[in-house]
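Numbering (my numbering), first residue to last: 66 to 858.
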């Protein structure tokens, strides 16, 4: 028996050794296969260069391949640390051991995939099967903010980078700042701790009124070599301010850690803005502007998800007194008028009281409107204060705000953010538009959109069309693009077709620069300092952000740069496509948005129905009608807009009087003022055309609207059949100087779409794929998430 046991033990040990040998060989085989392919690709690159073929795309693929092979080895050797990173994200936590075990080979396999594609593409070019346009690289040292676009070496340019970028690495480290990852210098790396890094924050000012010069060096020490951006990070407040103002945090918001109405907060920030504005004036790091806030919002309705900190439940005495003054002015110092409207009995304006957070049951009531309108007024006043302070010492400084997209496209308006006013205020358009590449990983989030579409495009799209309508001549900066992952969605094996499609669509719709979320690998492969060890700081998502992100996805990170290379190669064509008129406009009313529980939901339905009809959509508001050339559009559609102020109503009537066209869904729209009082006046045609349909049916309104702009529809007819009763192909057409047409097609559906191109004139067409310079038939299939840029003659 003992001999048998000994033999079995030896056999078992032998089998284990063999298994481990082959396991190790498997790992080595994947890495060796990747290294062999790198060698093959580099050999092809030498041939290509000898034939004057641009190999910038291949250089990036090789760089990412080598980096991620290094990362895979780090992950292999530090599985406990990788498990911890997976554990921070509850979606992955239960499988953290399995995921950490599989990750290194997953990364190696994806490296092989990107190398295979790169080898195939370059072989095709060497054989003459395709001809790609050379990459027009961003000039990280000298690109400039021009008229409505960035300009690099005389051409439109789309800078790209990552908003949060491995803290602790010097800005001069070319392993982190380069063409592959982007090389924008910025002051926003250390986001979530309440101390500092290069972000401009309130710790710069000391109690005695002097500045902390050591901290200031983090800002002034930024080399004046690369273009970039600066951010005012307003999370933390020094202890000396809290001691002097115990209520400084009362009425704070998620990413603004203090009361914006507090006089000491304003005094502190005024001094900091002026000093930092002076010190950074004219520096290259400000070429993409000063960002005034990170996703600002001051939700004030009961039960909202943002109310997780007690200081956010309520308002300060300063806010209340400012509200009283605002009401006093609005009601012409007539307390009886306010009492009659609110159904209250306050003795005077100093006695006015309001409960914040406010009950949602009050929506549609005068008190609800007044508070929410004032909440927008006070936040706009805060940002105007910031901009005035900066421009007092640095008048040419470009500014923007990282507007939180859901505060626009979702229904709630208790957040205090007036997107139109803020976009008018700042010199650039700012936001952090997002998309979801698949159904949400949070079970409570509705993902019904996925029945029709491969990814959630609509929030990003409607935000861009609105902001571009308000500021058509402003540069558009997405300072934290969450296209790759977010708290709501991520997928380790993300589709590269999605990456290409969503970046292309966002750029086509106006995005001039984007800083993605996020790059957190140090050059040795380890996660950056903030992610090592236990997270012991206030963290609304940084810890969980690493798992399933581009930091573990060679194919995704490489594709981001590849699509930005292609967009920059065709930057003039993209600019031409997106600068076309927006003949059809949807009327937007902040009044109805505040008073109506589903205003944006309804607006979104009409917007979606019109989005795939081959023209750029736009919006009009009272201000747009009054401030912009009304000849920029053809027809205005008013839909589900019951509440408008007298001034909004008058603007629409003025537009009609000047010969405009208005389609009104029914006489219910525009029927009430901001306080729900019945309006006696009704729109009349004046010198224009007024069409009242007496229906809220989206299909009927769409049919009438498209009929009115028929003359503005493109000369190239794009027919698309995806086998469904809804469309998923986005098309844009522009006539070029030589008489040919530039046609951009994107499919955001699950299914391939049969495309047929023809001309209104009935003439025959020839089609060329500009990405490959190959001719095509006028009928072809556009795959799911396919992207085509064509020349049609």
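Here a beta-carbon is modelled for each residue, glycine too, at the ideal position from N, C-alpha and C.
Judged by DSSP in its simplified three-state form, residue 548 adopts coil rather than helix or strand. Every beta strand (DSSP E) stretch that sits fully inside the region 795–833 and reaches 3 residues is listed by chain position as 806–812 and 818–824. When C-alpha distances from residue 450 are compared across 534, 196 and 338, the shortest belongs to 338. Excluding residues up to 5 positions away in sequence, 459 lie with their Cβ nearer than 6 angstroms to the Cβ of residue 346 in the same chain. Look at residue 519 here: in three-state DSSP terms it is coil, with no helix or strand label. In the three-state scheme derived from DSSP, where H, G and I count as helix and E and B as strand, residue 617 is classed as helix. Per DSSP, the beta bridge partners of residue 225 are 579.
Secondary-structure assignment with DSSP links residue 785 through a beta bridge to 820. A distance below 6 angstroms between beta-carbons, with the five flanking residues on each side excluded, links residue 561 to the following residues of its chain, in chain order: 620 and 624. At least 7 angstroms separates the beta-carbon of residue 467 from that of residue 546.
With a cut-off of 8 angstroms on Cβ pairs, the region 785–798 is not in contact with the region 823–840, counting fewer than three such pairs.
In the three-state DSSP reduction, residue 268 falls in the helix class (H, G or I).
When 718, 812, 313 and 325 are compared, the shortest CA-CA separation from residue 848 is found for 812. Assigned with DSSP and collapsed to three states, residue 430 falls in coil, not helix or strand.
Residue nearest to residue 202 within the set 268, 194, 156 and 121 is 121 (criterion: CA-CA distance). For residue 424, the secondary structure class from DSSP, reduced to helix, strand or coil, is coil. Per the coordinates, the alpha-carbon of residue 711 lies some 31 angstroms from the alpha-carbon of residue 369. Shown here, residue 209 sits in a strand according to DSSP, grouped into three states.
Burial of residue 186 is indicated by the presence of at least 16 other C-beta atoms within 10 angstroms of its C-beta.
Taking C-beta atoms as the reference points, residue 852 and residue 440 fail to come closer than 7 angstroms.
For residue 466, the enclosing beta strand (DSSP E) has its first and last residue at 464–467. DSSP lists 220 as the beta-bridge partner residues of residue 217.
The criterion of a C-beta distance shorter than 7 angstroms is satisfied by residue 313 and residue 302. Comparing C-alpha distances from residue 757 to each of 732, 856, 736 and 776 shows the shortest one belongs to 732. Look at the beta carbons and you see the region 125–137 not touching the region 525–532: under three pairs across the two are nearer than 8 angstroms. Assignment of residue 845 by DSSP, reduced to helix, strand and coil, places it in the strand class. For residue 685, the three-state secondary structure derived from DSSP is strand.
At a Cβ-Cβ threshold of 7 angstroms, residue 707 and residue 737 count as neighbours.
At least 7 angstroms separates the beta-carbon of residue 149 from that of residue 99. Annotation for residue 179: the continuous alpha helix (DSSP H) segment containing it runs 161–192. Residue 335 and residue 151 have their C-alpha atoms some 41 angstroms from each other. Leaving aside the five residues that flank residue 514 on each side, the residues in its chain whose CB is nearer than 6 angstroms to its CB run, in chain order, 521. Put simply, of 841, 641, 699 and 247 the residue whose alpha carbon is nearest the alpha carbon of residue 195 is 841.
DSSP places residue 700 in the uninterrupted beta strand (DSSP E) bounded by 700–703. Under the three-state reduction of DSSP, residue 364 is assigned to coil, being neither helix nor strand.
Residue 492 and residue 344 have their C-alpha atoms some 20 angstroms from each other.
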